[in-house]
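Q:
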Ligand code: SAH
Ligand code: F3S
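Numbering (the working numbering), first residue to last: 1 to 482.
So this is what it looks like as structure tokens:
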């Protein structure tokens, strides 16, 4: 890995990709989920071999790549606005600049992008990044280029990502790509294709490499990590046809977690996202067994109403979800659980919404991400259901649960008052340059005076105060993990 450490205007440490001899400049930015940010690191690695170093400055970029998100209409509008900005920069300051669109919007809109947005020269879907060198050659010759073919195999397992905008402490490692779940509201199965798992060997190698480069925490990424399954490659349905030997040596998510935890016993391991229908108690037992696997499960439920869950094609009931929560808490009493919720899904009545409220009251999530329903063209709900909940109702329901979540988050943070937590220091606190900021095993942010500690240290912090989202404390020494 060829890297230099640079300082940006905000004073945050950035790791840019600077390989000696590379002449061209790449400006790359990402929107949406962690997977997009992780994919951009793979793209930067591919582009580095094509003679591109990254730049933070649009005005001297030879190539701009924007990794896009389609999950809600608003996400797409944000990208459209950025394209206007690139247009202005190209017109006023940088006529040589070429622009490429990557990710989910590229996959969803395909050639429409080239027709609708004159600024766009290049359109590349999430499985086609290895084709970038060929596509770029087309663009260099003045042609537009596009590849949006989805793959049954591509996992980029053989590419070692360049860590962009990294704090040098935490990193994402992707373990599966695509999703086979077909929730009726969700565009991801259309933009990211069928689910594939990555060879565990290459995952472990990436984790070892990160450890050797000073990283202290990895987050294993997938749309649905609990359905991870490696038996030699291919789609899941091929597993039925696989030989007995392949089946006997297959690695599921629980096995993978264990392999990762053992490979680097001091590396913190996180994972995201878990779908309740696929999370097994084996995984929870593995979490309990290894101290370095963090006690946090992001477990989106989307709705507390059985009728809406069914309409969403979420394959579990409210009662099954509650039983799962009870079981997790039996096995790991202080496990943090977080949520994603959608309000205003088509046909959602006030009673359905109250089921969501009561489920939240039952679980008292540590934190969550809440959204109003956004109809996505091509999805089952988009095709078959009328987006019939008025915007005002959606907004009011959203505000209600955002307020409720704040109350629950505060109940959760208050439980840590006067207790000692282990924090991995990630960066300077945004509010004060005299304070460090890091996270606990439960994924709660904790700030405290810097003392003589440094970024990357594991410290024990006595919690003296808190807000709904942040623990505030004093460091009392290195933790035994240090
Ligand atoms: N399994 C994925 C989910 C991706 S989408 C993961 O790894 O996180 C993230 C969240 O966006 C979903 O959990 C859902 O709450 C929300 N979402 C997805 N489609 C949506 C839509 N059409 N409207 C509103 N919110 C949506
Ligand atoms: Fe989307 Fe459901 Fe998969 S929310 S990413 S289809 S698990």
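A virtual CB, placed ideally from N, CA and C, is assigned to each residue, including glycine.
#1: With DSSP collapsed to three states, give me the class of residue 362.
#2: What residue range does the beta strand (DSSP E) around residue 189 cover?
#3: I'd like to confirm the pairing. Which residues does DSSP put opposite residue 428 in its beta bridges?
#4: So what's residue 129 in DSSP terms, helix, strand or just coil?
#5: Is residue 60 closer than 8 Å to residue 23 when the C-beta atoms are compared?
#6: From the DSSP secondary-structure annotation, give me the bridge partner or partners of residue 472.
#7: Take residue 453 and list the residues in its own chain whose beta-carbon comes closer than 7 Å to its own, dropping the five residues that flank it on each side.
#8: Straight-line CA distance for residue 154 to residue 43?
#9: Would you check whether the ligand SAH has a heavy atom nearer than 7 Å to the C-beta of residue 197?
#10: Going by the beta-carbon positions, is the gap between residue 296 and residue 167 smaller than 8 Å?
#11: Distance, Cα to Cα, residue 398 vs residue 371?
#12: Which residues does DSSP pair with residue 146 in a beta bridge?
#13: What do you reckon, are the CB atoms on residue 491 and residue 122 nearer than 8 Å?
#14: Would you kindly work out how many angstroms separate the C-alpha atoms of residue 15 and residue 341, rounded to a whole number?
#15: Could you name the residues of the same chain whose beta carbon sits closer than 7 Å to that of residue 332, not counting the 5 residues immediately before and after it, in chain order?
#16: By alpha-carbon positions, which one of 408, 411, 451 and 422 ends up nearest to residue 428?
#17: According to DSSP, simplified to helix, strand and coil, what is residue 162?
#18: To the nearest angstrom, report how far apart residue 348 and residue 391 are at their CA atoms.
#19: I'd like to check one pair, residue 148 with residue 178: are the Cβ atoms closer than 8 Å?
A: The answer reads as follows:
#1: Start at 1 with the first residue of the chain shown, and residue 362 comes out as number 362. Here residue 362 sits in helix by DSSP.
#2: Numbered from 1 along the chain shown, position 189 holds the residue referred to as residue 189. Note, residue 189: premise wrong, no beta strand (DSSP E); alpha helix (DSSP H) at 188-192.
#3: Here residue 428 is taken as the residue at index 428 of the chain shown, counted from 1. Note: residue 428 sits in a beta bridge opposite 436.
#4: Taking the chain shown and counting its residues from 1, one reaches residue 129 at position 129. Residue 129: helix per DSSP, three-state reduction.
#5: Here the question's residue 23 lines up with position 23 in the chain shown. Here the question's residue 60 lines up with position 60 in the chain shown. Cβ distance not < 8 Å, so residue 23 and residue 60 don't count as in contact.
#6: To locate residue 472, count along the chain shown from 1; it is residue 472. Answer by DSSP bridge pairing, in chain order: 447 and 465.
#7: Here the question's residue 453 lines up with position 453 in the chain shown. So the list reads 425, 436, 459 and 475, once near-sequence residues are dropped.
#8: Within the chain shown, the letter at position 154 stands for residue 154. Within the chain shown, the letter at position 43 stands for residue 43. The straight-line gap from Cα to Cα measures roughly 14 Å.
#9: Here residue 197 refers to the residue found at position 197 when the chain shown is read from its first residue. No.
#10: Within the chain shown, numbered from 1, the residue matching residue 296 stands at position 296. Within the chain shown, numbered from 1, the residue matching residue 167 stands at position 167. Going by C-beta atoms, residue 296 is not nearer than 8 Å to residue 167.
#11: Position 398 of the chain shown holds residue 398. Position 371 of the chain shown holds residue 371. If I take the Cα positions, the gap works out to 7 Å.
#12: Start at 1 with the first residue of the chain shown, and residue 146 comes out as number 146. BP columns for residue 146 point to 123.
#13: Nothing about residue 491 can be reported from this structure: the residues present for the chain run from 1 to 482 only.
#14: For the purposes of this step, residue 15 is taken as the residue at position 15 of the chain shown. For the purposes of this step, residue 341 is taken as the residue at position 341 of the chain shown. For residue 15, the predicted structure reports a pLDDT of 45, less than 50, and the residue's modelled location is therefore unreliable. A value from the coordinates is still provided. Approximately 34 Å, taken between the alpha carbons.
#15: Mapped onto the chain shown, residue 332 falls at position 332. Result list for residue 332: 284, 287, 288 and 295, in chain order.
#16: Numbered from 1 along the chain shown, position 428 holds the residue referred to as residue 428. Minimum Cα distance to residue 428 is reached at 451.
#17: Residue mapping note: residue 162 aligns to position 162 of the chain shown, counting from 1. Note: residue 162 maps to coil in three-state DSSP.
#18: Your numbering for residue 348 matches position 348 in the chain shown. Your numbering for residue 391 matches position 391 in the chain shown. One C-alpha to the other measures close to 13 Å.
#19: Walking along the chain shown from the start, residue 178 turns up at place 178. Walking along the chain shown from the start, residue 148 turns up at place 148. No; because the gap between Cβ atoms is not below 8 Å, this pair is not in contact.
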